[in-house]
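Only one structure is covered here, and it is reproduced in the block below.
Protein chains in written order, with my numbering: chain A, 136 to 247; chain B, 622 to 736.
Okay, here's the thing in structure tokens:
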């Protein structure tokens with residue numbers, strides 16, 4: 136059981152470049168989430184998917200898109216990266232009706 | 622928008638000391654969670670409190686949920702260097718609402734325990 140996996144671990148982009156952050160979970164969880172973590176601001180929800188086939192905006196969705204490819208995978212796309220998107224991105228998943236969210240190890244993104 | 626104010630932001634103490642971290646909001650939460658995060662890793666859940674006034678203990682850690690479900694505290698007794706890390710509180714939804722498990726996080730407390 137790998138839990139929640141994220142790729143890549145690190146990425147450096149130039150302003151305007153695009154990229155997709157990948158997330159997969161092998162726990163058969165229904166719900167998946169994307170957060171960003173910035174110093175002094177805790178984690179902020181970007182997008183979430185309550186179940187396969189549905190996605191919704193979180194607190195800070197601007198500049199991002201998501202795809203719930205199947206029950207296992209939830210990807211986050213930056214179409215045109217900006218320096219303000221420099222952050223650590225975490226994916227999480229949980230089973231419906233349960234409280235615990237399980238987090239991946241994060242992707243560290245630097246946009247120059 | 623629900624907000625959680627966590628304090629203090631930084632805490633540097635000696636081994637053996639006690640400490641308390643606070644998490645406050647003007648909003649009611651249906652549940653409140655505490656996470657611990659190590660450098661280079663994702664947060665790991667320590668505890669969930671759901672009932673107003675609830676107290677949960679995890680070895681030397683004591684968690685309390687306020688009676689009105691707007692605030693929570695984490696108390697560590699006789700802190701050890703292994704307790705060093707980032708502690709985050711996070712609230713789920715509001716009473717009667719459908720939250721789909723969305724979490725609102727506090728800013729975090731960076732705890733350093735010196736030997």
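All C-beta atoms in this analysis are idealised placements derived from N, C-alpha and C, irrespective of residue type, glycine included. Bear in mind the structure is a predicted one, so any value in this text is a computation, not a measurement.
- Taking a cut-off of 8 Å on C-beta distances, the segment 635–642 of chain B does not touch the segment 163–170 of chain A, as fewer than three cross pairs fall below it.
- Per the C-alpha coordinates, the member of 139/A, 144/A, 195/A and 187/A positioned closest to residue 665/B is 139/A.
- Per DSSP, the beta bridge partners of residue 626/B are 645/B.
- Apart from the 5 residues on each side of it in sequence, residue 185/A sits with its Cβ closer than 6 Å to the Cβ of 166 in its chain, given in chain order.
- Taking 9 Å as the threshold, the shortest C-beta distance from residue 728/B to chain A falls below it.
- The alpha-carbon separation between residue 722/B and residue 228/A amounts to approximately 10 Å.
- Think of a sphere of 7 Å around the beta carbon of residue 176/A: the chain B residues whose beta carbon falls inside it are 728, in chain order.
- In the three-state scheme derived from DSSP, where H, G and I count as helix and E and B as strand, residue 219/A is classed as helix.
- Under the three-state reduction of DSSP, residue 706/B is assigned to strand.
- Unbroken beta strand (DSSP E) stretches of 3 residues or longer found wholly inside the segment 143–210 of chain A: 145–148, 154–160, 166–172, 178–184 and 199–203, given in chain order.
- Identification of residues in the segment 661–675 of chain B having a C-beta nearer than 9 Å to some C-beta of chain A yields 661, 662, 663, 664, 665, 666, 669 and 671, given in sequence order.
- As DSSP reads the structure, residue 692/B sits in a beta bridge with 645/B.
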